[in-house]
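> Encoded as structure tokens, here's the structure I'll be asking about.
In full-length UniProt numbering, the protein residues as written are 1 to 266.
Have a look at this one:
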């Protein structure tokens, strides 16, 4: 019997394939992160199955047992949302099945990573997926430095409580797409510079977030001196200092106050 890795919707319950539903109906047991969440999905499609809780805290202990069961039973692996193994449990089970000689079938399906990348409007021919950023420390600093310096598109998962902090630590002019609640009722995709996105979400945000960033110095539109010089040109052309500073700051990826203070001093 094969182990079936079955993607589930990342939000909209209609985003599940006919093949995925067939595998879930034919499974003898379903290994899932949260039985309540998976139970709601199965109930929606009138599927009744034995559920086995399989998550990051017990996957090392259960992987070999499930691999043995997969020799004689149809085992389906799902995550709470999207494709298993992508920042979700499953690697140890797949590895255990391969080691035990159990065939592994992976069904194509929903992925927040791919959905965000496609909708971002940023180059997608080559990209780096970083999962969830470390909350603090040297590793976080090194990753953010890499994003700032490497000409590539980066995709990260971020908490709504930390998205503001992360945006503020990116190069101000870096092009970003903040993808929130993908496929759900309140889906939002904000595209702009990091500093613009930080201002847009400064009052807080809710929901699941995928952040897509175009890294590299080429994406920083200019230095603060360039922005100030541009604002002074706009003032000379008849714009008010406040409006000129806001326009130049937006174009160069800085906060309005940083530019306005310099322009107002003359």
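Don't be surprised by glycine CBs; every beta carbon is placed ideally from N, CA and C.
Source: prediction; values computed, not measured.
By alpha-carbon positions, which one of 76, 233, 179, 213 ends up nearest to residue 148?
Selected option, being the one with the closest Cα: 213.
> Residue range of the alpha helix (DSSP H) that residue 98 falls in?
Here the alpha helix (DSSP H) through residue 98 covers 91-99.
> Assuming residue 109 and residue 7 make a contact with CB atoms under 8 Å, what is their CB distance in whole Å?
The Cβ separation is near 3 Å, so the contact holds.
> Closer than 6 Å to a non-hydrogen atom of the ligand SAM - does that hold for the CB of residue 205?
By its list of ligands, the structure shown contains no ligand whatsoever, and the ligand SAM lies outside what it can speak to.
> Please report the distance separating the alpha-carbon of residue 111 from that of residue 26.
When rounded, the distance between both Cα atoms is 23 Å.
> Below 8 Å on the Cβ atoms is my contact criterion, and I expect residue 5 with residue 104 to pass it. Report the Cβ-Cβ distance as a whole number of Å.
Rounded, the Cβ-Cβ distance is 7 Å, consistent with contact.
> Which residue from 17, 230, 206 puts its Cα closest to that of residue 107?
Checked all of 17, 230, 206; the closest Cα to residue 107 is 17.
> Which runs of the beta strand (DSSP E), 3 residues or longer, sit entirely within the stretch 150-203?
Runs found: 153-158, 175-180, 188-193.
> What does residue 213 pair with, by DSSP beta-bridge criteria?
The partner list for residue 213 (beta bridge, DSSP) reads 154, 176.
> Count the other C-beta atoms from every protein chain shown that fall within 10 angstroms of the C-beta of residue 141, then say buried if there are 16 or more, exposed otherwise.
Residue 141 should be labelled exposed.
> Report all residues from its chain with a CB closer than 6 Å to the CB of residue 144; omit the five preceding and five following residues, and keep chain order.
169.
> According to DSSP, is residue 141 helix, strand or coil?
Correct three-state label for residue 141: helix.
> Would you kindly check if the distance between the Cβ of residue 62 and the Cβ of residue 30 is under 7 Å?
Cβ distance not < 7 Å, so residue 30 and residue 62 don't count as in contact.
> By how many angstroms is the C-alpha of residue 250 removed from the C-alpha of residue 3?
Taking the straight line joining both Cα atoms gives about 51 Å.
> Please state whether DSSP places residue 50 in a helix, a strand or coil.
The answer is strand: DSSP assigns residue 50 an E or B state.
> Considering only C-alpha positions, which residue in the set 9, 126, 215 is nearest to residue 40?
Ranking 9, 126, 215 by Cα distance to residue 40 puts 9 first.
> So which of 242, 260, 181, 167 has the shortest CA-CA distance to residue 225?
The candidate whose alpha carbon is nearest that of residue 225 is 260.
> Whole-angstrom Cβ separation of residue 67 and residue 93, contact assumed at under 8 Å?
Rounded, the Cβ-Cβ distance is 7 Å, consistent with contact.
> List the DSSP bridge partners of residue 8.
Residue 8 pairs with 82.
> Okay, do the stretch 128-138 and the stretch 201-209 touch, 3+ Cβ pairs below 8 Å being the bar?
No, because fewer than three Cβ pairs between the stretch 128-138 and the stretch 201-209 fall closer than 8 Å, the two stretches do not touch.
> Exposed or buried, what is residue 172 when buried is set at 16 or more other beta-carbons lying within 10 Å of its beta-carbon?
So residue 172 ends up on the buried side.
> Taking the alpha carbon of residue 191 as the point to measure from, which residue in 184, 180, 128 has its own alpha carbon closest?
That would be 180, whose Cα lies nearest to the Cα of residue 191.
> Considering residue 29, what are the terminal residues of the alpha helix (DSSP H) in which it resides?
Residue 29 -> not in any alpha helix (DSSP H); beta strand (DSSP E) instead, spanning 29-32.
> Given that a residue counts as buried once 16 or more other Cβ atoms are within 10 Å of its Cβ, and exposed if not, what is residue 48?
It counts as exposed.
> Helix or strand or just coil, what does DSSP make of residue 235?
In this structure, residue 235 counts as helix in the three-state DSSP scheme.
> By how many angstroms is the C-alpha of residue 131 removed from the C-alpha of residue 87?
Straight-line Cα distance between these residues: approximately 6 Å.
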